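All remarks here apply to the structure that follows.
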Amino acid sequence: MATKVAQKRLQKEYLNMQKSPPPFIWACPEEKNILDWHFIIRGPPDTPYAGGEYHGLIWFPSDYPFKPPDVKMFTPSGRFEVGHKICMSMTSYHPSRWNAAWSVATILTGLLSFMLSDEITAGAARTTDEQKRALAKTSHAFNLNNKKFREMFPKYATPEMTDLPDMGQQPHDAGLTLPSQPDSVVSSAPSSVPSPSASPAPPSRAEPSLAAPAPVDAVNARPVGGKEDVGKTGWKLPWRWITAILVLAVLGRLSNLVGLR
31 MATKVAQKRL QKEYLNMQKS PPPFIWACPE EKNILDWHFI IRGPPDTPYA
81 GGEYHGLIWF PSDYPFKPPD VKMFTPSGRF EVGHKICMSM TSYHPSRWNA
131 AWSVATILTG LLSFMLSDEI TAGAARTTDE QKRALAKTSH AFNLNNKKFR
181 EMFPKYATPE MTDLPDMGQQ PHDAGLTLPS QPDSVVSSAP SSVPSPSASP
231 APPSRAEPSL AAPAPVDAVN ARPVGGKEDV GKTGWKLPWR WITAILVLAV
281 LGRLSNLVGL R
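Each residue of the sequence shown is one higher than the one before, counting from 31 in my numbering.
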């Protein structure tokens, strides 16, 4: 019997499975025992299991998630022995490696990855790719003859195989493949192509002047040669010079008057 912690955790995982199942995978618990989960794995394209449908079972310990579960397959695949526990790092074969953060989705994704490898461990089988392809073709018919499969998956127990919620197909937009992302990520991420009307105008910058800079009086730190220079500095003479000029002008005027007499 599941502890309250295990029951609460597995109920949450079932909601997550319904909301966002992993590619090529579907799973659900038995109605009377939440510790027993039946699953379906569909063979990915471009693999010896393409077109195959594989039914299996995960059974969890009562104190899950603090201890790992066990996994076995019911459908012949050529990769695993039917009805035997499969040795993986996520099962009771390796309790020291178990991580309590792993979930049903994590375990089944790991199982699919392990299925596509060639590693041989307890519960694994050796067959050729041709044998795997032949078993994939007959896998759905085999599952239809399994009463438990029909009870657990009435939606998929049809004469023709029905696609799982996620068959690994990416959405397409104008011929471009977009990466699938969780809604929370998509909604918070900024648009990669902002609307022209929404784009703020770039700040205007003054064009650099091409005119040569005016010479500067190094002593007075004032421009030389401009109007300001002519009006204020160019014609401004010392008072002694002005006095001398006036004296000379007066003397010259007096000399002229004396000469006329």
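Note that the Cβ used here is the ideal one computed from N, Cα and C, for glycine as well. The structure presented is a predicted model; accordingly, all values stated were derived computationally and were not measured.
Excluding the 5 residues flanking residue i on each side, which residues of the same chain have their C-beta closer than 8 Å to its C-beta?
i: A187; result: N173, L174, F179 and R180
i: A154; result: R109, F110, E111, I116 and C117
i: Q37; result: I64
i: K185; result: T192
Looking at the strands, I want to know which residues DSSP matches up with residue i.
i: L87; result: H68 and K102
i: W56; result: I70
i: A36; result: According to DSSP, which records beta bridges pairwise, A36 is partnered with nothing at all.
i: V112; result: M103
In whole angstroms, give me the CA-to-CA distance for residue i and residue j.
i: E61; j: Q48; result: 15 Å
i: Q41; j: P52; result: 17 Å
i: T33; j: L65; result: 10 Å
i: L142; j: M197; result: 13 Å
i: T136; j: T121; result: 12 Å
i: L87; j: L138; result: 10 Å
i: P106; j: E160; result: 14 Å
How many whole angstroms separate the CB atoms of residue i and residue j, which I take to be in contact at a CB cut-off of 8 Å?
i: A57; j: A166; result: Actually they do not touch by this definition, with Cβ atoms about 20 Å apart.
i: N176; j: H85; result: 7 Å
i: P99; j: W89; result: 6 Å
i: F183; j: I71; result: Going by Cβ atoms, the distance from F183 to I71 rounds to 12 Å, so no, they are not a contact pair.
i: Y123; j: R39; result: Going by Cβ atoms, the distance from Y123 to R39 rounds to 22 Å, so no, they are not a contact pair.
Between which residues of its own chain and residue i is the CB-CB distance below 7 Å, once the five residues before and five after are set aside?
i: M191; result: E83 and H170
i: R163; result: P78
i: H114; result: K102 and G153
i: R127; result: S119
i: W132; result: M120
i: M31; result: S92
i: I150; result: R156
i: G19; result: A question about residue 19 goes unanswered here, because the residues of the chain that appear run from 31 up to 291.
Check whether the Cβ atoms of residue i and residue j lie closer than 8 Å to each other.
i: V134; j: E43; result: yes
i: I55; j: L194; result: yes
i: K97; j: P125; result: yes
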